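Novice: Here it is: the structure, laid out below.
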Amino acid sequence: MATVLERVKKIAVEQLSVEEKDVIPESKFTEDLGADSLDLVELIMALEEEFSTPEAKLEIPDEEAEKLLTVKDVVDYVKAKGVKD
Numbered sequence: 001m002a003t004v005l006e007r008v009k010k011i012a013v014e015q016l017s018v019e020e021k022d023v024i025p026e027s028k029f030t031e032d033l034g035a036d037s038l039d040l041v042e043l044i045m046a047l048e049e050e051f052s053t054p055e056a057k058l059e060i061p062d063e064e065a066e067k068l069l070t071v072k073d074v075v076d077y078v079k080a081k082g083v084k085d
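In C-alpha cells:
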C-alpha cells in the first residue's frame, strides 16, 4: 500500500496538473505548484475522499485547511488524524 506522502503526491499531481517530480514535501501549493483558491478547495475535497474510510470520515475544516501550506503540512495533518503509512 502507498504511503501517506505517495497518496498526497498523487492527488496533488492529478488536481493541480503538475509533474510528480515537482511535488516534494517542501512544495508550497500556491507558490511552487501554482494552485489558486479553487484548486485548493478541490485539493482538500480530494484529500478528504482519499483518506476517509467507512469507519472514519476525514473532514478538514476551513480553518485547518488554511494552515496546510505545503505537502508536508498535509502529510503531517493526515497522520495526526490517525492515518497510517
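Just so we're aligned: 22 in the UniProt record's numbering is position 22 of the sequence shown, and the numbers increase by one with no gaps anywhere.
Built from N, CA and C at the ideal position, the CB exists for glycine as well.
As the structure is a computational prediction, the values presented were derived from the model and not from experiment.
Please report the Cβ distance between Arg7 and Glu64, rounded to the nearest whole angstrom; I am assuming they are in contact, meaning their Cβ atoms lie under 8 Å.
Specialist: Here residue 7 is taken as the residue at index 7 of the sequence shown, counted from 1. Here residue 64 is taken as the residue at index 64 of the sequence shown, counted from 1. So it is not a contact: roughly 18 Å between Cβ atoms.
Novice: My assumption, with CB atoms under 8 Å, is that Val78 sits in contact with Val4. Please give the rounded CB distance.
Specialist: As a position in the sequence shown, residue 78 is number 78, starting the count at 1. As a position in the sequence shown, residue 4 is number 4, starting the count at 1. About 5 Å; that satisfies the 8 Å criterion.
Novice: How is the alpha helix (DSSP H) around Ser52 delimited, first residue to last?
Specialist: In the sequence shown, counting from the first residue as 1, residue 52 sits at position 52. Looking at the DSSP string, Ser52 is not in any alpha helix (DSSP H), and its letter there is neither H nor E.
Novice: From what residue to what residue does the alpha helix (DSSP H) around Val8 run?
Specialist: Looking up residue 8 in the sequence shown gives position 8. Val4 to Leu16 is the span of the alpha helix (DSSP H), which, as asked, contains Val8.
Novice: Excluding five sequence neighbours on each side, which residues of the same chain lie with their C-beta closer than 7 Å to the C-beta of Val83?
Specialist: For the purposes of this step, residue 83 is taken as the residue at position 83 of the sequence shown. Within the same chain, Cβ atoms closer than 7 Å to the Cβ of Val83 are found at Val4 and Phe51, the five residues on either side in sequence being excluded.
Novice: How many whole angstroms separate the CB atoms of Leu33 and Glu48, which I take to be in contact at a CB cut-off of 8 Å?
Specialist: Taking the sequence shown and counting its residues from 1, the one referred to as residue 33 is at position 33. Taking the sequence shown and counting its residues from 1, the one referred to as residue 48 is at position 48. Going by Cβ atoms, the distance from Leu33 to Glu48 rounds to 19 Å, so no, they are not a contact pair.
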